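Numbering (the numbering used here), first residue to last: 1 to 480. Cβ atoms here follow ideal geometry from the backbone N, Cα and C, with glycine treated the same way. Here the structure is a predicted model, which means the values were calculated and not measured.
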Ligand code: UN1
C-alpha cells in the first residue's frame, strides 16, 4: 500500500497533487500507511470546474444505471470489509472489529441509497385555480462539496457521497487530512464502479486550501461538513455569506443519565461503550454520566472495575478493546482536559495515564472523573477523547435538567427500567437522538442522524431525510 501513489481523482483522471502528506499509524509511529496527494488551490479549482461541467449530464443519468452504480459500490465495500477495515484501523486507531464494522456500515449505506434512487417521488396537488395543475418535485442541488472528518473516514464520506450521487449531484469530496487512506479506497471503488468523469471528484489536501476553495466558490451549491465546532462555525459563516446551502455536523457533549432503578449491568455497558469505545473519538460519545444518588456509588465502583479489565493496545491486535488516540495534537487536547478537570476540582477516579506498549503510539488510559459539576469546563466543552465525568444528580428532574444544560444537543441517553421516566426523557431531552438503555453512540445507517443547538445546523443526514439537503424543491404550475 505504501509504495502505491495515492493521487487525487479529478474529471475522471488520477492526478498527482502539488505535494504529498504522510499517513502515520497511531498504533505504531514507525509504520507509514502511505503517501497521499495534497492539492493546491489550482487543483481544487479544477475539481470544482469538472463537477460543474459534469453536473447536468449526471442529473439526467438514467435512474437504473445510477442505482446499479451505487449498488456496485456497496457490494464491493462489503466484499472487501476485512481488507478495508484493516486499513481503516491502521490509519485511525479504532480496533479492527470497529474498523470492519464501519466498512460494513459504509457498504450498507450505498446499498440503501441505490434503492432510494428508484424511490424518488413528488406530489401532484390540486390548484386553487380551475384548470391548473400543481406539481411538486425534487431536483438535485447541483455541485455538492463534502468535507469529512478523520474519526469515521469511510462511513461519514459514504453517508454524504451516497445520497449526493443518488439524488443526482456532482461531488467534490475532501477527506480528512489525517486519515485519507480509507477515503481514497472508497473513491477508487466509486471510480472503478463507472461513475461518469467529473460527477465524482476526490481532492485530498489541507482544510485551509481545499476546504476553503469549496466553501468560497460560487460554483459549489451546497456544503456538507462534519468536524469540529470551531471549523464548522467558520465554514457556516463563509458559506452563508454567499447563500450556499449547508449541512453541518459538529460536536457533542452527550449525557448518559443513570437512574436509581437502572439495570446496573446495562448502565455500565452503555457507559463503557458510549464513553470509551472508538477511543471516545465520536461526536456521539457519552462524555457526561449523570447519575442519581441511590445508584451513584455502586455505578462508579462497577464502572471502575469494568475499566480495569479493558485492554488498551495496538488497534490491529486481537483482544484490544480500545486503540490509541489518533495523533499527537488530539492527545495533547485530551491531556489538557484531564489536567483542567483536576484543576476545576474533579476527582480522577480512574486512569488518565499515558501507556507504553510494544510499539510506540498515542496510548492513553481511559479517564473517569467523579465529583464534577455541570458548570465545569470539562462538562461544557467537547474533549473528543477517552475522558468522561460523573455528575451526581438528586433525582430524575435534576438529571434531566443537567442533561439539557449544555450548548450541544446531538445524542442523549438514559438508563432506567421505568417506563414513566423513559417516556418523559424521550419527550424532553433536547437532542436530535435519544437512546433508552443503549449507548449514546452507535447509530443505524438508514434513519436520520443529527442534532440540535450547537451540534448541528441544517437538514438531517442519512435515511430518507437526506433528500432534504441533497435536493431542492420545485413547484410547477401547469395551465391548460
Ligand atoms: C455513531 O455514533 O455511530 O463524527 C456515529 C461522529 C458522528 C458519527 C457517529 N458524526 O462521531
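| Asked | Found |
| --- | --- |
| Helix, strand or coil at residue 360 according to DSSP, with G and I counted as helix | coil |
| N-terminal and C-terminal residue of the alpha helix (DSSP H) that residue 138 is part of | Residue 138 -> not in any alpha helix (DSSP H); beta strand (DSSP E) instead, spanning 133-140. |
| Cα-Cα separation, residue 475 to residue 56 | 20 Å |
| Whether residue 326 touches residue 5 by CB criterion (8 Å) | no |
| Distance cut-off 7 Å: residue 441 Cβ against heavy atoms of ligand 1 | yes |
| Cα-Cα separation between residue 250 and residue 441, rounded to whole angstroms | 14 Å |
| Per DSSP, the bridge partner or partners of residue 435 | 413 |
| Euclidean distance between Cα positions of residue 445 and residue 67 | 18 Å |
| Contact belief for residue 236 with residue 300 at Cβ below 8 Å, rounded distance in angstroms | That belief does not hold up - the Cβ atoms of residue 236 and residue 300 are roughly 39 Å apart, past 8 Å. |
| CB contact flag (residue 361, residue 324, <8 Å) | yes |
| 3-residue-minimum beta strand (DSSP E) runs that sit fully inside the stretch 176-217, ordered along the chain | 200-202 |
| Short Cβ contact (8 Å threshold) for residue 89 with residue 316 | yes |
| First and last residue of the uninterrupted beta strand (DSSP E) at residue 388 | 387-393 |
| For residue 150, the three-state DSSP class (helix, strand or coil) | coil |
| Helix, strand or coil at residue 313 according to DSSP, with G and I counted as helix | coil |
| Contact the stretch 146-165 vs the stretch 459-472: 3+ CB pairs below 8 Å | yes |
| Same chain, Cβ closer than 7 Å to residue 3, five either side skipped, listed in chain order | A caution first: residue 3 carries a pLDDT of 46, below 50, which makes its placement in the model unreliable, though a value can still be read off. So no residue of the chain qualifies. |
| Beta-carbon proximity check, residue 338 vs residue 322, cutoff 8 Å | no |
| Strand pairing of residue 286, partner residues [DSSP] | 254 |
| Own chain, CB closer than 6 Å to residue 131, minus 5 neighbours either side, in chain order | 480 |
| Residue 360 Cβ short of 7 Å to ligand 2 heavy atom set | In terms of ligand content, the structure shown lacks ligand 2 and carries ligand 1 instead. |
| Option nearest residue 354 by Cα separation, candidates 331, 220, 219, 202 | 331 |
| Where the beta strand (DSSP E) containing residue 344 begins and where it ends | From DSSP, residue 344 is part of no beta strand (DSSP E); its letter is neither H nor E. |
| Secondary structure of residue 441, DSSP reduced to three states | coil |
| Where residue 480 falls: helix, strand or coil (DSSP) | coil |
| Alpha-carbon spacing of residue 229 relative to residue 455, whole angstroms | 8 Å |
| Test: residue 252 CB closer than 8 Å to a CB of chain D | The chain labelled as chain D is not found in the depicted structure, where only one protein chain is given. |
| Proximal residues to residue 72 (C-beta, below 6 Å), its chain only, five neighbours per side dropped | 193 |
| DSSP beta-bridge partners of residue 449 | 461 |
| Where the beta strand (DSSP E) containing residue 66 begins and where it ends | Element bounds for residue 66: not the beta strand (DSSP E) but the alpha helix (DSSP H), 63-79. |
| Three-state secondary structure (DSSP) of residue 466 | helix |
| Residue 81 CB to nearest heavy atom of ligand 1 below 7 Å | no |
| Pair within 8 Å by beta-carbon distance, residue 136 and residue 125 | yes |
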